[in-house]
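**Student:** This is the structure I have questions about; it appears just below.
Here's what the structure looks like:
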């Protein structure tokens, strides 16, 4: 050591007061702050995204917790209703006539049908069920709130507008290019566009001016303005009677055949409105007619329309009609599925965990089991679906869409969670408890059953609830075994076809009707509600019962 | 019938318990202390030998009964009726006979079908009664055999504990059975697929069009099963997800472990964990409802054309789902770096940021990498988000604004609805499933090994 | 920095007789205080761990802090370079002067302070990097040595000073964690030297080492004191007697006695000190 030259490394001493050092330190602190800021930014981003998710679901979903209904006065004096057999009446006619009586002025098949379509097509079943429940009302007149059909439900909740813009941005731009060419003018309060029409002798024969293809002439004339566009994009600009304008012109001036003339032809209604400076609107195509919307407004003005809490969402089963679709079937299906899942995975999981933690010798086989459990926990859920499809449905021939099979598949997925949680809970029981029990002459099994398991039970139950909560949200494996079927009644048992909450969400999300968007969000809120409750129970149990040794 | 069988067996089990206990009591001659095991153990011993074998028999019987009766049914049908029919057509005939037996008559069934339906009903009832008789017989035999052994010195508790051991071992074997079941079912169905479609086409083909209807006898002439575009789509979406999740998760973990005060940490950590607890179907709907339209609008604003089911929307939402994985794994890894490393760095005059980037992150890298690998496996295997938000058409592109499809989307779309097991369309799903299983398994094993090695290093 | 006139009084006030030091060969008689602790108290949350400690630490000498576990000696040494700052809820009152600069002055940057007052820890804690990078880490973050040659020179000098160069010169690229415990600790000392500190704090640097490695480190400390001011916390009284010139005895958070090592070990003033060094408390 002493022969090593020891001299102070003055050449590398830091000049602390120097400007360069001050700058250096400043830079280093800036980098530190930057990292901190990035971290805070990342957390804010994650929390913000969670907020957006919850907000967008609540914003679209909360409207489905109320249902738009109209109060209808229904005389139950129709001869088809009998007090001893109230279910057999022709309720379709009864409800239809009762609702139509709101609009005595309407006549004509089409208009009457449009009136009917304001009301949910399922209304007759509601009235029927009501009468069946209260047969003493037969012969009297009842007042009952019946749901509106989906478009009017959505209209009342202001989800969809009654009118939408008639022209797209693109269509407006095309028309604007015409205006820019100064060929658009207003004559006699009608917007016309001036075109160079070549009166093609092949289209308009000089001998027979009445039968010419004037439409072709007009379109050909308009085409010169839009050489680079598809005809379907600009031809709607022409009014239906545009060809007549040319026809009149040619009939008055028969000599023009074979020549190119400047003609002013009228534009169609929406472009006329647009040219006069206002925005053209049409009735939202989700409705049958503008009159229908007026009729709805009339009902609303008579205070017949109300939005009570949507109990049907919880007590109805699935339906093709969003205003009648509910979650009862899915909730019952999920309950049966989770019940099966619990009945299998709880005892099996505890047994396996107790064996591995308390009894198993340390050898290759138990190692293999442990590796298997850890890997199963990370196998994609859709693979469990394939397993269920191939083995439970394909090999054992179990029924499709049944909660039994769903519960079995989910129990295989829940097992690793329960086993891992149970082993952790068993590990947390101090060895002194085991030694004490062994010391008074209990067998190892008695030690586990009488002492260790009861002490570990809160931890086990917490893990089980968390595992079941995960299973409740699992979708993909249930899809593969057919639990996304369309079923309009709650299942009566574990062998009947059923849906579950997440698969119901999936099928509703796929449905085209506008009302299902909101229903899907509402169903998600219900599912999240169940998950929050389950996790709250788990957290409560963890805090209340779990002790630290 | 099944519920009757189970009730009878249950009654026998209870009877067996009391019977065994009673015999033990009487054999003790009034002094319980003279028994080796306490009377309830004798009761449990008898009950377990009454219950377990008979219930196992019923379960095995129930699983085998259906397939065996079907086999007999097919054998009983005349050769002329089955001549030249494919397996699926035979299946249809069998199900027609079954629905006939259940009382649902569609159209005019022929005489043979009627007869077969009657036979089917008869066989079923024979099988049920036989099962009932066999189960009760085994239960009674168990009772007779075991109660004969009960005496003062009989070690009933040991017997019960041995039974318990067997039950527990059987339960822990379920994990292995599940893995075996997954591997076997995927392998068998995938083999059947590769009988019809060559392995090279599947793994190297660039064209995936499984939905083209396939006519009888022309199985491989129709649809195309080149899975490359499906694989690239999966990788594209997974990569986009990681692109969102890795920086966000890692930076969050850095802030939470090193900068945040305990109060902030105790509030934010559970909030981040909520992201992991939200069911994936919810994320899928969120992608469709909010993210994809927002991306489209944003694209239109920039003058870009973004597909409604673009890879970026699905990938971004999947990224949100994965954030908590990355953050909690990084959190664990950074926390596992011994405090002496931090002190060593601070002691040299490093700032917090320098300590994190130059000492802690390099030290925690293996743990973080393990977390990223697990998250990758998760992203590849994630199903509902992509089923709802990604495309159905296989599209060989790396453009995140176009629609691509993934392995899991194809599995679900190929299998949703009624499925028969004998066309390449459905079998292709199992081939994809096999690839998915193998890839995710490798990633998981690798990740777990890295994480374990890392933990050992600092423990 | 040269000691200022005002400090002379402090030296006189301290219990150090000049003759006590000169007994050891090669030592200068007059020592200048490098660091001064004045009424330093340290609190962890509500709990007070250190009570009004006054202690001078003299330039180019070794000061040993001894005392039973939990007596506050580690707390004190960590207060000297503000390592306590990173502990949640830790509060320091009183003054600690480094060359007349109060290290707890809000204007003082703990990051710069720790480059002046380096630290070696109880357990060797090399970073999971190569030997070279371990030592170059400090100089790099402080912006010393603008190029690779400079860094190489710093690394080499530091290793030489820590007496490790000959053992590791062929494997500078190998991980520092691969060295033996004693080598790791010398690596950590080299790492601390590399940023040219004035003071090196050593918190029980040999407690995790075997006797041979310990002897090596003690030898090293003896050489380092020619250039550096060293404060060492130790639970071994023999070690304190072997390596230090000054010793301070802590008990239950109080500085009981301080002074020349020889004096503390031969004729302590305080009864508690005597009990401790004769093995009755501890």
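Chains as they are written, first to last, in this note's numbering: chain A, 7 to 555; chain B, 60 to 518; chain C, 64 to 345. Quick reminder that beta carbons are idealized off the backbone N, C-alpha and C, glycines included.
Under a CB-based cut-off of 9 Å, is residue 349 of chain B close to chain A?
**Tutor:** yes
**Student:** Write down the C-beta distance between residue 204 of chain A and residue 226 of chain A rounded to the nearest angstrom, noting that I regard them as a contact closer than 8 Å.
**Tutor:** 7 Å
**Student:** Quick test of your reading: residue 133 of chain A and residue 101 of chain A, contact by CB under 8 Å. State the CB separation rounded to the nearest angstrom.
**Tutor:** 5 Å
**Student:** Looking at chain C, is there any beta carbon in it that lies within less than 9 Å of the beta carbon of residue 401 of chain B?
**Tutor:** yes
**Student:** Can you tell me whether residue 285 of chain A is buried or exposed, with buried defined as 16 or more other CB within 10 angstroms of its CB?
**Tutor:** In the assembly as shown, residue 285 of chain A is an exposed residue. Its beta-carbon has fewer than 16 other beta-carbons within 10 Å.
**Student:** Does the segment 247-260 of chain B come close enough to the segment 420-435 of chain B that 3 or more CB-CB pairs lie under 8 Å?
**Tutor:** no
**Student:** Could you check what DSSP says for residue 272 of chain A in three-state terms: helix, strand or coil?
**Tutor:** strand
**Student:** What residue from B:442, B:493, B:97, B:381 has the CA that sits closest to residue 81 of chain B's CA?
**Tutor:** B:97
**Student:** By a C-beta neighbour count over all protein chains shown, 10 Å radius and 16 as the cutoff for buried, is residue 433 of chain A buried or exposed?
**Tutor:** Under the 10 Å beta carbon count, residue 433 of chain A is surrounded by fewer than 16 other beta carbons and is classified as exposed.
**Student:** For a contact meaning CB atoms closer than 8 Å, what does residue 489 of chain B contact in chain A?
**Tutor:** 392, 396
**Student:** Hey, quick one: how far does the beta strand (DSSP E) through residue 483 of chain A stretch, first residue to last?
**Tutor:** Run containing residue 483 of chain A: none in the beta strand (DSSP E); it sits in the alpha helix (DSSP H), 482-486.
**Student:** Whole angstroms is fine: what's the gap from residue 75 of chain B's alpha carbon to residue 239 of chain B's?
**Tutor:** Take the alpha-carbon of residue 75 of chain B and the one of residue 239 of chain B: they are about 36 Å apart.
**Student:** Between residue 247 of chain C and chain A, is any beta-carbon pair separated by less than 9 Å?
**Tutor:** no
**Student:** In whole angstroms, give me the CA-to-CA distance for residue 263 of chain C and residue 333 of chain C.
**Tutor:** 28 Å
**Student:** So is residue 69 of chain B in contact with chain A if we call contact Cβ pairs under 9 Å?
**Tutor:** For residue 69 of chain B, the answer is no, since every Cβ of chain A falls outside 9 Å of its Cβ.
**Student:** If we call anything under 9 Å between Cβ atoms a contact, is residue 206 of chain C one with residue 30 of chain A?
**Tutor:** yes
**Student:** From residue 412 of chain A to residue 487 of chain A, what distance separates their C-alpha atoms?
**Tutor:** 7 Å
**Student:** Are the C-beta of residue 502 of chain A and some C-beta of chain B separated by less than 9 Å?
**Tutor:** Cβ-Cβ to chain B under 9 Å: no for residue 502 of chain A.
**Student:** In terms of DSSP beta bridges, what is residue 503 of chain B paired with?
**Tutor:** DSSP, once it has assigned bridges, lists no residue as partnering residue 503 of chain B.
**Student:** Give me the Cα-Cα distance between residue 146 of chain A and residue 79 of chain A, rounded to the nearest whole angstrom.
**Tutor:** 10 Å
**Student:** So, using beta-carbon positions, are residue 39 of chain B and residue 473 of chain B closer together than 9 Å?
**Tutor:** This structure gives no information on residue 39 of chain B, because the portion of chain B shown stretches from 60 to 518.
**Student:** Using the beta-carbon of each residue, which ones in chain B are nearer than 9 Å to residue 139 of chain C?
**Tutor:** Ordered by position in chain B, no residue passes the 9 Å Cβ test against residue 139 of chain C, which lies about 15 Å from the chain.
**Student:** How about residue 106 of chain C: is its C-beta nearer than 9 Å to some C-beta of chain B?
**Tutor:** no
**Student:** List the endpoints of the continuous alpha helix (DSSP H) containing residue 197 of chain C.
**Tutor:** 194-204
**Student:** I believe residue 264 of chain B touches residue 285 of chain B by the beta-carbon criterion, under 8 Å. Please report the beta-carbon distance rounded to the nearest angstrom.
**Tutor:** 2 Å
**Student:** Report the rounded CA-to-CA distance for residue 515 of chain A versus residue 449 of chain B, giving the unit in angstroms.
**Tutor:** Their Cα atoms are separated by approximately 14 Å.
**Student:** If you follow the beta strand (DSSP E) that residue 81 of chain A is in, where does it begin and where does it stop?
**Tutor:** 75-81
**Student:** Is the beta carbon of residue 191 of chain C sitting closer than 9 Å to the one on residue 242 of chain C?
**Tutor:** no
**Student:** Are the C-beta atoms of residue 355 of chain A and some chain B residue less than 9 Å apart?
**Tutor:** Taking Cβ atoms only, chain B reaches closer than 9 Å to residue 355 of chain A, which makes this a yes.
**Student:** Please report how far the alpha carbon of residue 243 of chain A lies from the alpha carbon of residue 41 of chain A, in whole angstroms.
**Tutor:** The alpha-carbon atoms of residue 243 of chain A and residue 41 of chain A are separated by roughly 59 Å.
**Student:** Residue 88 of chain C by DSSP, collapsed to three states: which one?
**Tutor:** With a pLDDT of 43 at residue 88 of chain C, under the threshold of 50, the modelled position of that residue is not reliable, and the figure given next carries that caveat. Here residue 88 of chain C sits in coil by DSSP.
**Student:** Please return the same chain residues whose Cβ sits closer than 7 Å to the Cβ of residue 277 of chain A, not counting the five positions on each side in sequence.
**Tutor:** Within the same chain, Cβ atoms closer than 7 Å to the Cβ of residue 277 of chain A are found at 181, 197, 243, the five residues on either side in sequence being excluded.
**Student:** Would you mind working out which of A:24, A:52, A:330 sits nearest residue 378 of chain B, comparing C-alpha positions?
**Tutor:** A:52
**Student:** Of all Cβ atoms in chain B, is any one closer than 9 Å to the Cβ of residue 339 of chain A?
**Tutor:** no
**Student:** Give the straight-line distance between the Cα atoms of residue 491 of chain A and residue 311 of chain B, rounded to the nearest whole angstrom.
**Tutor:** 41 Å
**Student:** Return helix, strand or coil for residue 104 of chain B, following the three-state DSSP convention.
**Tutor:** helix
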